[in-house]
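**Q** Mapping the sequence shown onto full-length UniProt numbering, position 475 (from 1) lands on 475, and the numbers just tick up by one.
Just so it is clear, CB atoms sit at the ideal spot from N, CA and C, and this is done for glycine as well.
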Amino acid sequence: MLAFSFRCSWRGAGSRRNIPCRSPIDVPPDRIHRTRPLVTAAKRPNSLLIPNLYGHLDAAPSSPQPASAASIPSSSPSAALLRVAMIGSGYVGLVSGACFASFANCTVTCVDSDADKIAKLHAGQLPIFEAGLDAVVRDNVAAERLHFSTDLPSAVRNADVVFIAVGTPSRRGDGHADLSYVFRASEEIGRNLRAPGYTVIVNKSTVPVGTARRVRELVSMTAPPGAAFDVVSNPEFLRQGSAVHDFMIPERVVIGVRRARPATQTVPAGDGDTADTDRAVGVMRALYAPLERQRGVPVLVTSVEEAEMIKYAANAFLATKLAFVNEMADLCEAAHADVSMVARAMGLDARIGMQYLQAGPGFGGSCLPKDTRALARIAQELSRPSRLVETVIEGNEVRKRRVAQRIALAALDGDQDMIRVYGKRIGVLGLTFKAHTDDVRDSPAVFIVQELLELGARVYAYDPQARPEDVRAQLGDSIVLVSSVPEAARDADVLAVLTEWPEFVEACTQMGWRALRALMRRAALFDARNLWSLEEMQHSGFTYHSIGRPTVIPIAAPE
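1) Should the region 314-322 be called in touch with the region 524-533, which here means at least 3 C-beta pairs below 8 Å?
2) Buried or exposed: where does residue 510 fall if 16 or more other Cβ atoms within 10 Å of its Cβ makes it buried?
3) Any idea what DSSP makes of residue 500, helix, strand or coil?
4) Are the CB atoms of residue 526 and residue 545 nearer to each other than 8 Å?
5) Mapping the DSSP letters down to three states, classify residue 247 as helix, strand or coil.
6) Between the beta-carbon of residue 231 and the beta-carbon of residue 193, is there less than 8 Å?
7) Which first and last residues belong to the beta strand (DSSP E) in which residue 288 is found?
8) For residue 125, is the classification buried or exposed, using 16 other Cβ atoms within 10 angstroms of its Cβ as the cut-off for buried?
9) Go ahead and label residue 484 buried or exposed: buried means 16 or more other beta carbons lie within 10 angstroms of its beta carbon, across all protein chains shown.
10) Excluding sequence positions up to five away, which residues of its chain have a Cβ less than 8 Å from the Cβ of residue 551?
11) Residues in the same chain with beta-carbon distance under 8 Å from residue 422, minus the five sequence neighbours each way, listed in chain order, please.
12) Leaving aside the five residues before and after residue 133 along the sequence, list all residues of the same chain whose C-beta is less than 8 Å from its C-beta, in chain order.
13) Here's the rule I'm using: 16 or more other beta-carbon atoms within 10 Å means buried, otherwise exposed. How should residue 388 be labelled?
14) Compute the distance between the beta-carbons of residue 277 and residue 253, then report whether it is under 8 Å.
15) Have a look at residue 553 and residue 367 and give me their C-alpha separation to the nearest angstrom.
16) Are three or more beta carbon pairs between the region 390-403 and the region 349-363 nearer than 8 Å?
17) Roughly how many angstroms separate the alpha carbons of residue 555 and residue 535, rounded to a whole number?
18) Counting C-beta neighbours from all protein chains within 10 Å, is the total for residue 224 16 or more, i.e. buried, or is it exposed?
19) Between residue 87 and residue 111, which are expected to be in contact by the criterion C-beta below 8 Å, what is the C-beta distance as a whole number of angstroms?
20) Ignoring anything shorter than 3 residues or poking outside the region 374-457, list the beta strand (DSSP E) runs there in chain order.
21) With a 10 Å radius around its C-beta and 16 neighbouring C-beta atoms as the bar for buried, classify residue 233 as buried or exposed.
22) Skipping 5 residues on each side, what residues in its chain have a beta carbon closer than 7 Å to that of residue 466?
23) Is the beta carbon of residue 218 sitting closer than 8 Å to the one on residue 187?
24) Would you grab the beta carbon distance between residue 425 and residue 477 for me? Rounded to a whole angstrom, and I think it's under 8 Å.
25) Suppose the cutoff is 6 Å on Cβ atoms and the five residues either side in sequence are ignored; what does the same chain contact list for residue 212 look like?
26) Count the other CB atoms, across all protein chains shown, that sit within 10 Å of the CB of residue 381; report buried if there are 16 or more and exposed otherwise.
27) Along the alpha helix (DSSP H) that carries residue 189, what are the first and last residues, could you check?
28) Use the C-beta contact count for residue 122: other C-beta atoms within 10 angstroms, 16 or more gives buried, fewer gives exposed.
29) Rounded to whole angstroms, what's the CA-CA distance from residue 221 to residue 209? Just pull it up for me.
30) Report yes or no: is there a C-beta of chain C within less than 8 Å of the C-beta of residue 363?
31) Is residue 519 closer than 8 Å to residue 486 when the C-beta atoms are compared?
32) Taking the alpha helix (DSSP H) that residue 162 falls in, what are its first and last residues?
33) Just the C-alpha distance for residue 420 and residue 407, rounded to the nearest angstrom, thanks.
34) Between which two residues does the beta strand (DSSP E) harbouring residue 302 extend?
35) Going by the beta-carbon positions, is the gap between residue 374 and residue 176 smaller than 8 Å?
36) What is the residue span of the beta strand (DSSP E) that residue 107 lies within?
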């Protein structure tokens with residue numbers, strides 16, 4: 001039985017635009033496909049997250065008719081109704097499957113070996129928290145465009161396009177991406193391909209360079225005679241907390257095939273491999289036609305190696321940007337400057353941009369840490385070690401430890417003897433690696449709490465979405481989980497904000513600083529996300545510690 005319950009994560013970057021934009025890299029024009037947006041079709045009602053965003057999208061003005069992928073011409077998108085199987089129903093698989101089902105040109109079956117997960121999905125219970133996803137799933141299930149199943153063989157046999165969206169966690173000990181789930185899925189897919197028939201197998205999971213070719217080998221070894229297929233790399237660029245938006249309004253779609261060839265180049269007679277590449281591109285562009293044609297999303301056709309590298313390179317760059325601004329924050333603290341102003345001025349430079357310039361406790365989640373480690377390993381194996389990426393990884397670990405030490409010192413009220421942290425009560429707000437998700441994997445907050453627990457502190461933590469079972473799987477029973485901001489603050493020697501949940505600001509505003517101080521043993525606040533202004537905190541009555549900014553000693557406690 002395949003372990004498809006692993007979840008993948010994501011982050012994209014950059015501003016979101018609904019119009020065609022110039023590619024930020026120098027790519028030959030024949031490798032980028034754009035068309036003018038058409039008039040948007042009827043929108044789905046009751047969308048609270050993104051009005052008129054993830055409604056039913058038409059692939060073409062006429063109603064689609066069921067057809068096999070074999071009938072799709074490679075030269076242009078088609079109105080054929082594509083049948084999609086999504087293998088893996090975690091973060092990437094469920095979001096991608098539900099959003100594809102919003103298109104008028106396909107039906108989707110999400111497959112997972114976890115029978116309990118599938119049963120809950122049938123009952124309308126999502127295994128993850130992602131803003132807006134529940135509405136997308138509910139509406140497409142009701143419209144019979146989205147289905148859930150544990151029956152991989154049936155889903156694959158009846159599919160024109162099969163996505164592999166299983167987890168690729170870091171392998172213990174060496175930082176490699178664990179590809180065992182991808183490879184086992186590939187073998188199962190091969191055994192169940194339709195014969196005769198043609199299927200496009202798409203790797204959606206984040207994988208090292210060369211994986212698509214290995215997938216092709218595994219499928220070839222298990223596929224029945226007469227089963228034709230191609231393997232495509234189609235990396236996701238989704239950010240947890242805004243994944244639905246990122247899928248429906250992407251900044252680009254990358255399609256990696258075995259051989260990318262200019263559309264104007266003649267296909268050599270008898271070159272079946274190149275012909276198959278054209279066929280795969282035709283199917284993929286037909287699948288993404290609602291985004292390309294109606295929203296003008298650039299479609300970049302690359303080799304599979306380029307597509308696999310693009311994902312790692314993008315995430316490593318984002319991690320580098322975060323690591324850099326955190327280094328600047330340390331310098332600003334020493335220089336009595338405000339990193340928020342420095343970052344803002346930097347971000348106004350169009351060459352730099354505002355995204356990922358927020359200083360904090362370090363980057364986390366199951367995407368950036370995993371992918372930077374994997375890229376560093378890839379570079380070593382290719383005899384091109386990346387000192388920059390390795391330094392980013394090391395710097396992020398140092399960052400998290402430094403924040404934990406600063407919180408411990410804040411609880412001691414200036415005492416430098418870390419031994420005295422033992423028995424101190426520390427309130428923690430936020431355990432997920434960022435707001436608007438329930439994911440605590442590789443969360444800086446969890447790492448910091450672990451450091452505080454090892455120092456002997458008593459930690460009382462509140463997070464509005466973190467699942468208690470996920471937290472305890474990492475921290476055990478040493479941490480006390482509470483259900484509100486006041487409970488976390490009660491009798492605390494310091495209150496530490498580790499995740500930027502808007503609810504925390506709202507709760508403190510509603511309570512008022514005086515009421516919050518009254519709950520605590522000491523009026524000390526450590527804000528690892530810079531949620532409050534220095535001016536406001538001067539009149540709060542709190543000793544206020546933040547990231548990359550001067551510590552605020554209250555002028556006087558407000559009456």
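**A** On the basis of the supplied data:
1) Cβ pair count under 8 Å is below three, so no.
2) Residue 510 should be labelled exposed.
3) In this structure, DSSP gives residue 500 a state outside helix and strand, which the three-state scheme calls coil.
4) It is a contact, given that the beta carbons lie within the stated cut-off.
5) Residue 247 sits in a helix when the DSSP states are folded into three classes.
6) For residue 231 and residue 193, no; Cβs fall outside 8 Å.
7) In the DSSP assignment, residue 288 falls outside any beta strand (DSSP E) and carries neither an H nor an E.
8) By the 10 Å Cβ count, residue 125 comes out exposed.
9) Classification for residue 484: exposed.
10) Answer for residue 551: 543, 544, 545, listed in chain order.
11) Only 455, 456, 457 meet the Cβ criterion.
12) Result list for residue 133: 94, 95, 98, 126, 243, 244, in chain order.
13) It counts as exposed.
14) No, the Cβ-Cβ distance between residue 277 and residue 253 is not below 8 Å.
15) Distance between the alpha carbons of residue 553 and residue 367 is about 38 Å.
16) Judged by Cβ distances under 8 Å, the region 390-403 makes contact with the region 349-363, as three or more pairs qualify.
17) Between residue 555 and residue 535, the C-alpha separation is close to 11 Å.
18) Taking all protein chains in view, the Cβ of residue 224 is surrounded by fewer than 16 other Cβ atoms within 10 Å, so the residue is classified as exposed.
19) Their Cβ separation, rounded to whole angstroms, is 5 Å, which keeps residue 87 and residue 111 in contact under 8 Å.
20) Entirely contained in the region 374-457, the beta strand (DSSP E) runs reaching 3 residues are, in chain order, 425-429.
21) By the 10 Å Cβ count, residue 233 comes out buried.
22) Excluding the 5 residues flanking it on each side, residue 466 has same chain C-beta neighbours closer than 7 Å at 431, 432, 438, 440, in chain order.
23) Cβ atoms of residue 218 and residue 187: closer than 8 Å.
24) Not confirmed; about 17 Å, so no contact.
25) Setting aside the 5 residues that flank it on each side, residue 212 is surrounded in the same chain by 203, 231, 233, 304, each with a C-beta closer than 6 Å to its C-beta; the list follows chain order.
26) Looking at its Cβ environment, which holds fewer than 16 other Cβ atoms inside 10 Å, residue 381 is exposed.
27) Segment 180-191, the alpha helix (DSSP H) holding residue 189.
28) Counting Cβ neighbours within 10 Å, residue 122 comes out exposed, since fewer than 16 surround it.
29) When rounded, the distance between both Cα atoms is 21 Å.
30) Considering every chain present, this structure includes no chain C. It has just one protein chain.
31) Closer than 8 Å, so yes.
32) Careful: residue 162 lies outside any alpha helix (DSSP H), inside the beta strand (DSSP E) at 161-164.
33) About 13 Å.
34) Here the beta strand (DSSP E) through residue 302 covers 299-303.
35) Taking 8 Å as the cut-off, the Cβ atoms of residue 374 and residue 176 count as close.
36) Segment 106-111, the beta strand (DSSP E) holding residue 107.
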